[in-house]
Amino acid sequence: MTERKGLRQETAETIVDVVESTRRHASFSRILLECRRRGAAKWDRTLRKYLDLLVQGEVLRKNTRNVGSVFPMELYAVKSTRARIQIGLSVLIYHGLNWEIEKPDIVSVYSDISALVRAKSVRLSSKMILAGCLEDCLAYELKRDARAKRGTSELLVPILATRRLDLPYVFDRADRIGVGRTIRVLFRRISKTFFSPSSISDGRAFLATRGTFLRLMRQYSRSGAIKLLDEKGKGSDGIDNVSGLSESVIVNLAAKQLGVIG
Numbered sequence: 019m020t021e022r023k024g025l026r027q028e029t030a031e032t033i034v035d036v037v038e039s040t041r042r043h044a045s046f047s048r049i050l051l052e053c054r055r056r057g058a059a060k061w062d063r064t065l066r067k068y069l070d071l072l073v074q075g076e077v078l079r080k081n082t083r084n085v086g087s088v089f090p091m092e093l094y095a096v097k098s099t100r101a102r103i104q105i106g107l108s109v110l111i112y113h114g115l116n117w118e119i120e121k122p123d124i125v126s127v128y129s130d131i132s133a134l135v136r137a138k139s140v141r142l143s144s145k146m147i148l149a150g151c152l153e154d155c156l157a158y159e160l161k162r163d164a165r166a167k168r169g170t171s172e173l174l175v176p177i178l179a180t181r182r183l184d185l186p187y188v189f190d191r192a193d194r195i196g197v198g199r200t201i202r203v204l205f206r207r208i209s210k211t212f213f214s215p216s217s218i219s220d221g222r223a224f225l226a227t228r229g230t231f232l233r234l235m236r237q238y239s240r241s242g243a244i245k246l247l248d249e250k251g252k253g254s255d256g257i258d259n260v261s262g263l264s265e266s267v268i269v270n271l272a273a274k275q276l277g278v279i280g
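To convert, take the position in the sequence shown, counting from 1, and add 18; that gives my numbering.
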C-alpha cells in the first residue's frame, strides 16, 4: 500500500513548514503563493486537500476572519507537531478483517505525517473519522494489545496471512512504536506454519490458506521485501502474545478470513 493518490508526505511537510515559518496566522493565498515558489502545490484545489487533511489530523488549526468579502479569509496556524489518526478493530474491519465485534472499537493515536497522508476520512459508527491505513492499524493494534493484553494480537493473523501489505512501511511503523521485533516474530510464526507444519488437523483449511500465503510470499520475494524479515526489528512489546500462537489457531484464523470455515 502506498500513499493516497495525489497526496505526498514531502508536500504535506512543506505546507506545514510554510505555515510555521509565518509569524502570524498564514492565509490561504499566502500559503499557496509560497508553495508555488517552493514547487510543492501549484493549484488551489490541491492545496485545499492537504490543508483539510492537516486540519482534520490536528496538525494545523483553521480560523476564519470576516474581511467584507463573500467568503471569509481562511487563516492557518500550526497546532501540533504530531498527527492524530484513528485505529482499532472497527477500522481493521473497515479494511477487510472478516470478524465480528460486540461494540465499536475506535481509538485515536498520535502519529506522524507519513501516517496522515495514508489515512482516509470515512464514516464509522455514525461519525466521520480519519482512519489509519491498514498497515498502521496492524502495528498500532499490536502495540495496544501489548499494553492492555486484550487478546487481539491474534486477529492480525488473518490479515498478515491473506492480504498483501506494504511490508517496508508496516515494519518501519512497528519499529517506530516499539513492536518491530514482535511483528516479525508473528510473521515468521505464520510462515513456519505454512512452510513446515508439524500438526495440522484440518487439511482442507490448511491447503486453502497455504496457497494464499505462498502467493503472497512469492510477491514479497520478487519485490525484495522478504529480506526485511531477517532484520531483528526494534522493540519487543507484546512478543509473548504472538510467539505462542499454535499452528491450528493460525490456520483457523486465516481460513475464517477467506471464508473457508465459519
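Note that CB positions come from ideal geometry on N, CA and C, so glycine has one too.
In this chain, the beta strand (DSSP E) harbouring Asn81 covers 78-83. Apart from the 5 residues on each side of it in sequence, Ile195 sits with its Cβ closer than 8 Å to the Cβ of Ala157, Tyr158, Lys161, Gly253 in its chain, given in chain order.
Remark: C-beta atoms of Leu72 and Ala30 approach each other more closely than 8 Å. For Ser108, the enclosing alpha helix (DSSP H) stretches over residues 107-112. Per DSSP, Val260 lies in no beta strand (DSSP E); the unbroken alpha helix (DSSP H) holding it starts and ends at 257-261. The Cβ-Cβ distance between Val34 and Cys53 does not fall below 8 Å. Burial of Pro176 is indicated by the presence of at least 16 other C-beta atoms within 10 angstroms of its C-beta. Straight through space, the alpha carbons of Gly251 and Arg207 are spaced by roughly 15 Å. Contact between Val203 and Ile257 holds: their C-beta atoms lie close to 6 Å from each other, under 8 Å. By the neighbour-count criterion, in which 16 or more other beta carbons inside 10 Å mark a residue as buried, Phe231 falls on the buried side. Contact check for Ala166 against Gly150 fails: the beta carbons are separated by 8 Å or more. Beta-bridge partners assigned by DSSP to Lys145: Leu142. In the structure shown, Ala59 falls within a coil segment according to DSSP collapsed to helix, strand and coil.
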